[in-house]
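Protein chains in written order, with the working numbering: chain A, 9 to 342; chain B, 9 to 342.
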């Protein structure tokens with residue numbers, strides 16, 4: 009059976025250090041077809057783009073053939089590290105092999121004649137939460153992505169905050185302690201050195217060093233330890249693991265109180281591996297945030313799990329970015 | 009000589025704990041006439057409002073008579089502590105004698121049939137900077153007001169950030185040290201306990217306690233000490249006074265780096281008494297902010313003195329609020 013009207017779709021692309029995920033997404037957030045491509049195997053960005061685009065066309069055509077449903081690509085959203093929304097560039101991204109400033113949007117335009125939007129991955133996650141997730145209808149909220157590092161996207165008055173240079177929302181690099189843990193950015197004591205999958209590993213090792221408490225984690229080398237192992241140990245009652253979550257939630261809660269004093273969001277969504285530890289991370293974070301809030305903000309700000317957690321949020325976020333852009337430019341006239 | 013066309017004006021009202029200042033302001037930011045009224049002498053808010061409004065009518069009529077120029081009041085902007093923009097209320101303001109939640113805008117509407125906007129004084133200062141001052145044409149900036157406390161107004165995408173509850177932008181209450189100085193808000197270590205006219209006094213006393221350095225400030229009782237005296241002593245080479253500014257600028261610079269990681273402003277304006285110490289406060293603030301910025305933000309963010317510093321900025325800010333509101337609602341059709 010063939011439908012007479014092609015269905016409008018956007019293409020969401022999430023560029024990670026290791027893999028690039030991409031998919032074609034309809035207005036309701038259904039990923040119709042998706043695939044991945046290793047990011048690093050291509051010696052140049054040009055070759056990477058050639059492979060990416062041939063693979064996109066392939067899944068596009070395969071899906072049309074298989075489903076009998078014609079699609080119409082109307083926009084592309086891209087999430088990438090160190091992405092600049094205004095300039096459409098990826099700039100000095102430490103996890104990518106492309107040097108300097110890459111005019112990524114311009115290069116993509118060689119392949120596609122539709123609007124193309126680029127922003128950092130956490131900003132894309134925030135737009136995804138707004139379009140498809142728990143932030144539908146919210147005008148002021150924050151998304152914190154907890155992965156290897158800590159990313160963030162701020163929404164104010166219903167719009168993503170890009171700042172004057174396109175780089176706003178780097179809460180992973182607000183300072184917890186100017187003499188604290190060394191950060192990949194070259195500075196010390198950044199929030200993501202405490203609050204992230206890597207941060208909680210460092211905290212476990214600090215606790216193992218400072219205290220004599222026995223712990224199953226004393227048998228695990230640093231390089232083998234994962235946030236998931238820490239949450240499993242905590243569920244089995246391991247006191248070091250429990251204390252590591254408490255410590256992580258305390259620092260996150262204290263810093264989110266400062267974020268509330270900036271933009272007074274209605275909700276803060278936590279996304280990613282650490283957030284899947286559920287109450288282990290949410291309870292201490294909420295408690296310490298409340299304890300540190302100015303009285304006018306108390307008992308108003310919800311800390312919630314992202315509603316995109318079990319889905320391919322990165323692809324959804326990137327595609328949502330395209331829908332949002334088309335909408336705000338009045339190009340969605342269906 | 010009488011002009012045939014009445015000149016459109018807005019009324020700016022700044023409600024302080026001690027005095028209320030108000031004035032009639034034209035579109036270019038000229039205060040045509042202004043006056044003040046003690047805030048606290050009236051036992052109730054109703055009586056205060058009656059006096060305020062009779063005095064407003066008086067200066068209005070006097071000015072028309074004196075200048076021969078008819079005016080047309082088209083809007084009112086009000087800056088007040090603990091003001092809620094969305095609800096038009098002043099809520100539990102510690103420096104005012106009116107208890108609980110005062111529906112201030114509603115009460116004013118009993119006197120004037122024009123649009124009335126209320127927000128906190130630092131937000132009004134930010135709008136003033138945008139409409140009449142150094143932030144003309146800027147879409148992303150921050151204003152920090154340094155008085156007895158520290159107030160702030162954040163502008164993102166050309167709009168003031170109110171947050172979901174109308175209370176965004178309380179940077180005076182982000183935390184420098186959770187075990188630090190006691191704050192009037194009931195918490196500890198808030199930024200304004202370090203960075204404000206009162207904060208630098210506390211810093212001088214801490215330095216006098218910690219070090220043996222001789223200083224002219226050793227002869228001044230705490231209650232007599234002013235930020236102006238500290239800046240004068242610093243200019244005379246007093247090392248304790250100089251170190252107090254360095255300490256203040258360090259803490260402000262560190263925290264502004266965190267603010268940049270939130271909204272990435274193009275400029276940060278400092279306003280108020282402490283800002284008048286010029287390079288004594290600007291140099292260390294700029295230096296420490298730069299040292300604490302994530303690399304993508306370095307050498308981009310200007311720290312500037314407010315351009316409304318010598319003017320009646322509070323009245324201008326409040327009146328600018330009204331102009332901005334009229335403009336955004338499409339009510340300025342000239």
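Note that CB positions come from ideal geometry on N, CA and C, so glycine has one too. Bear in mind that the values here come from a model prediction, so they are computed numbers and not experimental data.
What residues in its chain sit with their C-beta under 8 angstroms from that of residue i, if we drop five residues either side in the sequence?
i, result
"residue 7 (chain B)", "Because chain B in this structure spans residues 9 to 342, residue 7 (chain B) falls outside the shown range and cannot be described."
"residue 204 (chain A)", "154, 155, 156, 157, 158, 180 and 282"
"residue 263 (chain A)", "179, 182, 184, 199 and 203"
"residue 342 (chain B)", "Model confidence at residue 342 (chain B) stands at a pLDDT of 46, short of 50, so the residue's coordinates are unreliable; what they give is reported in the following sentence. Once the five neighbours on either side are set aside, the close Cβ partners of residue 342 (chain B) are 16."
"residue 69 (chain B)", "none"
"residue 27 (chain A)", "44, 45, 46 and 47"
"residue 42 (chain A)", "29, 30, 31, 32, 67, 320 and 323"
"residue 72 (chain B)", "78 and 79"
"residue 306 (chain B)", "298"
"residue 230 (chain A)", "209 and 213"
Are the CB atoms of residue i and residue j nearer to each other than 9 angstroms?
i, j, result
"residue 150 (chain A)", "residue 271 (chain A)", "yes"
"residue 309 (chain A)", "residue 276 (chain A)", "yes"
"residue 19 (chain A)", "residue 37 (chain A)", "no"
"residue 415 (chain B)", "residue 218 (chain B)", "Beyond the ends of chain B as shown, which are 9 and 342, falls residue 415 (chain B); an answer cannot be given."
"residue 82 (chain A)", "residue 334 (chain A)", "yes"
"residue 161 (chain B)", "residue 135 (chain B)", "yes"
"residue 303 (chain A)", "residue 193 (chain B)", "yes"
"residue 285 (chain B)", "residue 321 (chain B)", "no"
"residue 165 (chain B)", "residue 212 (chain A)", "no"
"residue 177 (chain A)", "residue 269 (chain B)", "yes"
"residue 141 (chain A)", "residue 316 (chain A)", "yes"
"residue 61 (chain A)", "residue 120 (chain A)", "yes"
"residue 209 (chain A)", "residue 234 (chain A)", "yes"
To which residues of the same chain is residue i closer than 7 angstroms at the C-beta, ignoring the five residues directly before and after it?
i, result
"residue 292 (chain B)", "253, 254, 257, 258 and 261"
"residue 296 (chain B)", "257, 258, 261 and 262"
"residue 187 (chain A)", "196 and 197"
"residue 265 (chain B)", "297, 300 and 301"
"residue 207 (chain A)", "200, 201 and 256"
"residue 92 (chain B)", "99, 174 and 175"
"residue 50 (chain A)", "56 and 59"
"residue 34 (chain A)", "15, 17 and 40"
Please name the residue, chosen from the options, that lies closest to residue i on a Cα-to-Cα basis.
i, options, result
"residue 29 (chain A)", "A:39, A:40, A:44 and A:35", "A:44"
"residue 300 (chain A)", "B:71, B:140, B:197 and B:175", "B:197"
"residue 40 (chain A)", "A:77, A:167, A:99 and A:62", "A:77"
"residue 56 (chain A)", "A:170, A:106 and A:315", "A:106"
"residue 127 (chain B)", "B:337, B:72 and B:99", "B:99"
"residue 313 (chain A)", "A:338, A:336, A:280 and A:305", "A:280"
"residue 274 (chain A)", "A:35, A:163 and A:91", "A:163"
"residue 108 (chain B)", "B:90, B:124 and B:114", "B:90"
"residue 103 (chain A)", "A:294, A:23, A:317 and A:141", "A:23"
"residue 138 (chain A)", "A:167, A:110, A:171 and A:116", "A:167"
"residue 290 (chain B)", "B:25, B:152, B:190 and B:101", "B:152"
"residue 267 (chain A)", "B:116, B:171 and B:232", "B:171"
"residue 251 (chain B)", "B:35, B:110, B:288 and B:116", "B:288"
"residue 336 (chain A)", "A:125, A:114 and A:74", "A:125"
Going by beta carbon distance, what residues of the same chain come within less than 6 angstroms of residue i, once the five residues before and after it are set aside?
i, result
"residue 21 (chain A)", "30, 86 and 326"
"residue 294 (chain A)", "311"
- Query: Which residues, taken in chain order from the stretch 290-311 of chain B, show a beta carbon closer than 8 angstroms to some beta carbon of chain A?
  - Reply: 300, 302, 303, 304, 305 and 308
- Contact set between the stretch 154-171 of chain A and chain B, restricted to residues whose Cβ is under 7 angstroms from the partner: 162, 164, 165, 167, 169 and 171
- For the stretch 245-273 of chain B, which residues have a CB atom closer than 9 angstroms to at least one CB atom of chain A, in sequence order? 262, 263, 265, 266, 267, 268, 269, 270, 271, 272 and 273
- chain A contacts from the stretch 204-227 of chain B (Cβ-Cβ distance under 8 angstroms): none
- Item | Cβ pair count under 8 angstroms reaching 3, the stretch 127-142 of chain A against the stretch 237-246 of chain A | no
- Query: Do three or more CB pairs link the stretch 242-252 of chain B to the stretch 211-223 of chain B at distances below 8 angstroms?
  - Reply: yes
- Item | chain B contacts made by the stretch 106-130 of chain A, where a contact means CB separation under 7 angstroms | none
- Query: How do the stretch 84-100 of chain B and the stretch 326-333 of chain B stand: do at least 3 beta-carbon pairs fall below 8 angstroms, yes or no?
  - Reply: yes
- Message: Residues of the stretch 182-193 of chain B in Cβ contact with chain A at a cutoff of 8 angstroms, in chain order, please.
- Response: 182, 183, 186 and 193
- Task: Could you list the residues in the stretch 22-55 of chain B with a C-beta less than 9 angstroms from some C-beta on chain A, going in chain order?
- Result: none
- Mind listing which residues of the stretch 141-153 of chain A have their C-beta closer than 9 angstroms to chain B's C-betas, in chain order? 146, 147, 148 and 149
- Message: Check whether the stretch 139-148 of chain B and the stretch 57-69 of chain B touch, using three or more Cβ-Cβ pairs below 8 angstroms as the test.
- Response: no
- Identify each residue in the stretch 77-95 of chain A for which the Cβ-Cβ distance to at least one residue of chain B is less than 8 angstroms, and report them in chain order. 90
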